[in-house]
Amino acid sequence: MERSSGRDWLDECCPRGCKYTSNYRGPMKGLFQKAFYFHFENLHYADHRRKTFLCFEVTRLQDNKFRKGMFINQVGPYRLHAELRFLSWFHDSWLCPYASYEVTWYMSWSPCEECMEELAAFLANHRNVTLTIYVARLYYYQEPTCGEGLQALLNEGASVNIMFFRDFLDCWRRFVYNGNEYFEPWPHLHQNSLKYFHILEELLE
Numbered sequence: 001m002e003r004s005s006g007r008d009w010l011d012e013c014c015p016r017g018c019k020y021t022s023n024y025r026g027p028m029k030g031l032f033q034k035a036f037y038f039h040f041e042n043l044h045y046a047d048h049r050r051k052t053f054l055c056f057e058v059t060r061l062q063d064n065k066f067r068k069g070m071f072i073n074q075v076g077p078y079r080l081h082a083e084l085r086f087l088s089w090f091h092d093s094w095l096c097p098y099a100s101y102e103v104t105w106y107m108s109w110s111p112c113e114e115c116m117e118e119l120a121a122f123l124a125n126h127r128n129v130t131l132t133i134y135v136a137r138l139y140y141y142q143e144p145t146c147g148e149g150l151q152a153l154l155n156e157g158a159s160v161n162i163m164f165f166r167d168f169l170d171c172w173r174r175f176v177y178n179g180n181e182y183f184e185p186w187p188h189l190h191q192n193s194l195k196y197f198h199i200l201e202e203l204l205e
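If you read the sequence shown in full-length UniProt numbering, its first letter stands for residue 1, the second for the next number, and so on.
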């Protein structure tokens, strides 16, 4: 799966040195059942699933103010990966140096090399933000840069986890227009999660 770069559009800089852009589209409220089942299925060969879905929750700890939503890759004229859309929105709408935040992501793909670099830089510059990431699939995990990028995120305090049934269920309940229907796991969900879990362990050794 190829994802074109969106870093060229990060033309603004926050006081702590992080790059972002005002040319982002705001978050969506959620996704439909069909999209969730297709894009979050944790297949090991999913080249035809080219979009990244990022479901997020943000809590400001001082007053427990809460926001959730979803980003996907932004196409022209200003291309942005879902991760960079979130960072730009967060810089623009929420981030304050005098508050502390807990951020949780549920992602269909783990971040690419470029996005991991931007995320690590963001976390290094904003120690008031903690980031927990749950991913359905690992993006280009055969490449050495994948493990290096994931390790860089951990070094900056992020937590990166493989989604198991409970995490898919949480995502279904919080972000999917589910009509009060129960999440029906696809075949081999647990086995695929275990495979990705062991791959992630090896990448972080």
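Glycine included, each C-beta is placed from N, C-alpha and C at the ideal position.
With a CB to CB cut of under 7 Å and the five nearest residues on each side skipped, what residues in its chain are close to residue i?
i: TYR141; result: ILE199, LEU203
Identify which residue in the options has its Cα closest to the Cα of residue i.
i: TRP94; options: LEU150, ASP63, GLY157; result: ASP63
i: GLY76; options: GLY157, LEU87, TYR24, ALA152; result: TYR24
i: THR130; options: ARG60, GLU148, CYS171; result: ARG60
i: GLY26; options: PRO15, ASP92, ALA120; result: ASP92
i: SER100; options: HIS126, GLU118, ARG85; result: HIS126
i: PHE40; options: SER110, GLU205, ARG16; result: SER110
Does DSSP put residue i in a helix, a strand or coil?
i: ARG3; result: Residue placement at ARG3 is poorly supported in this model, since its pLDDT is 45, which falls under 50; the coordinates still yield a value, given next. Coil, per DSSP.
i: ASN192; result: helix
i: GLN74; result: strand
i: LYS29; result: coil
i: GLU201; result: helix
i: THR145; result: helix
i: CYS171; result: helix
i: PHE66; result: strand
i: TYR101; result: strand
i: TYR177; result: strand
i: PHE122; result: helix
i: ALA35; result: helix
Can you name, in chain order, every residue of its own chain whose Cβ lies under 6 Å from the Cβ of residue i, other than the five neighbours on each side?
i: LYS68; result: GLU57
i: ALA124; result: GLU156
i: PHE66; result: THR59
i: ALA82; result: THR52, LEU54, PHE71, ILE72, ASN73
i: TYR182; result: none
i: LYS34; result: none
i: MET1; result: Residue confidence is low: MET1 scores 42 on pLDDT, short of 50, so the model does not pin down where it sits. Its coordinate-derived value is still stated next. The answer, listed in chain order, is ASP47, ARG50.
i: HIS190; result: none
Measuring CB to CB, does residue i end up less than 7 Å from residue j?
i: SER108; j: ALA136; result: yes
i: TRP105; j: ILE72; result: no
i: SER88; j: THR145; result: no
i: TYR139; j: ILE162; result: no
i: PHE164; j: SER193; result: yes
i: TRP186; j: ASN178; result: no
i: PHE90; j: CYS18; result: no
i: LEU80; j: ALA120; result: no
i: MET116; j: GLY147; result: no
Tell me residue i's beta-bridge partners as DSSP assigns them.
i: MET107; result: LEU54, VAL135
i: ILE162; result: VAL135
i: LEU80; result: GLN74
i: PHE86; result: Paired residue(s): none; PHE86 is not in a bridge.
i: ARG60; result: LYS65, TYR101
With a threshold of 8 Å on Cβ separation, who are the neighbours of residue i within its own chain once the five nearest residues in sequence on each side are excluded?
i: ASP170; result: TYR106
i: GLU143; result: GLU113
i: LYS29; result: GLY69, MET70
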